[in-house]
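Residue numbers (the UniProt record's numbering): 1 to 227.
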């Protein structure tokens with residue numbers, strides 16, 4: 001399912017709910033919006049029955065920006081569950097800086113982060129492409145199991161790895177043998193599926209889509225409940 005973004009809130013055209021973080025927009029009408037609650041009570045089906053099947057729904061979210069690098073977020077990200085105001089962190093900043101640990105250390109353990117999936121409409125997710133700095137520290141980033149340099153697809157522990165070092169980050173081969181799962185089950189840490197790219201390298205290829213397009217379109221992203 002494609003995900004569109006908006007810089008302003010839209011009220012639901014059916015129940016008039018204001019300031020939703022996400023909604024559906026009719027691809028033809030453009031001014032007809034539908035909140036999740038109304039969508040779950042056949043709001044989309046009713047609109048298409050009245051105006052035709054070409055009035056397909058586009059899933060739309062409020063634009064979000066990373067509180068660290070200030071760039072717009074267009075992929076999986078981390079959200080602080082303790083901040084009264086929104087505090088989001090993009091995947092790259094969570095991995096290539098110490099911002100995650102610094103934020104928790106400054107504000108206390110109640111300010112822990114939850115991973116928010118941008119689009120969960122397919123069972124197999126593409127790895128998040130991380131443009132790592134071309135420095136000795138990152139170029140010598142090693143798998144904690146086989147000690148090979150991490151390149152391309154890897155599992156990175158978000159709690160352990162706010163900076164590159166041999167601390168429970170694994171290449172895809174060792175991950176496939178269960179190394180990351182053992183660590184995650186022991187200490188309840190969360191991993192991110194990454195594709196590490198360094199300056200001068202070509203963008204790595206993601207996971208091949210295995211789900212038929214028609215089936216994937218029926219599954220909305222799980223985004224409403226962030227806690």
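By construction, the Cβ of each residue, glycine as well, lies at the ideal position given by its N, Cα and C atoms.
Note that this is a predicted model, so its numbers are computed, not measured.
Taking 7 Å as the cut-off, the Cβ atoms of residue 13 and residue 58 do not count as close. Under the criterion of beta carbons closer than 8 Å, residue 95 and residue 156 qualify as touching, at roughly 6 Å. Fully enclosed beta strand (DSSP E) runs of no fewer than 3 residues occupy 77-80, 88-90, 113-116 of the segment 76-123, in order along the chain. With contacts defined by Cβ atoms closer than 7 Å, residue 114 and residue 79 form a contacting pair. For residue 152, the enclosing beta strand (DSSP E) covers residues 152-157. Residue 180 and residue 32 have their C-alpha atoms some 45 Å from each other.
Closest in C-alpha terms to residue 148, from the list 168, 130, 15, 53, comes 168. When rounded, the separation of the alpha-carbon atoms in residue 89 and residue 29 is 34 Å. The DSSP-derived three-state label of residue 174 is helix. Here the C-alpha atom of residue 104 lies approximately 27 Å from the C-alpha atom of residue 171. Nearest Cα to residue 153 within the set 193, 160, 159: 193. Residue pairing of residue 130 in beta bridges, as defined by DSSP: 196. Looking only at 35, 51, 76, the smallest Cα-Cα distance to residue 117 is reached by 76. With a threshold of 16 other beta carbon atoms within 10 Å, residue 50 falls short and is exposed. For residue 173 and residue 183, the gap between their C-alpha atoms comes out near 15 Å. Bounds of any beta strand (DSSP E) do not take in residue 50; it lies within the alpha helix (DSSP H) bounded by 43-51. For residue 143, there is no enclosing alpha helix (DSSP H), as DSSP gives it neither H nor E. Only exposed fits residue 53, as fewer than 16 other CB atoms lie within 10 angstroms of its CB. Beta-bridge annotation (DSSP): residue 23 is paired with 60. Here the C-alpha atom of residue 196 lies approximately 29 Å from the C-alpha atom of residue 106.
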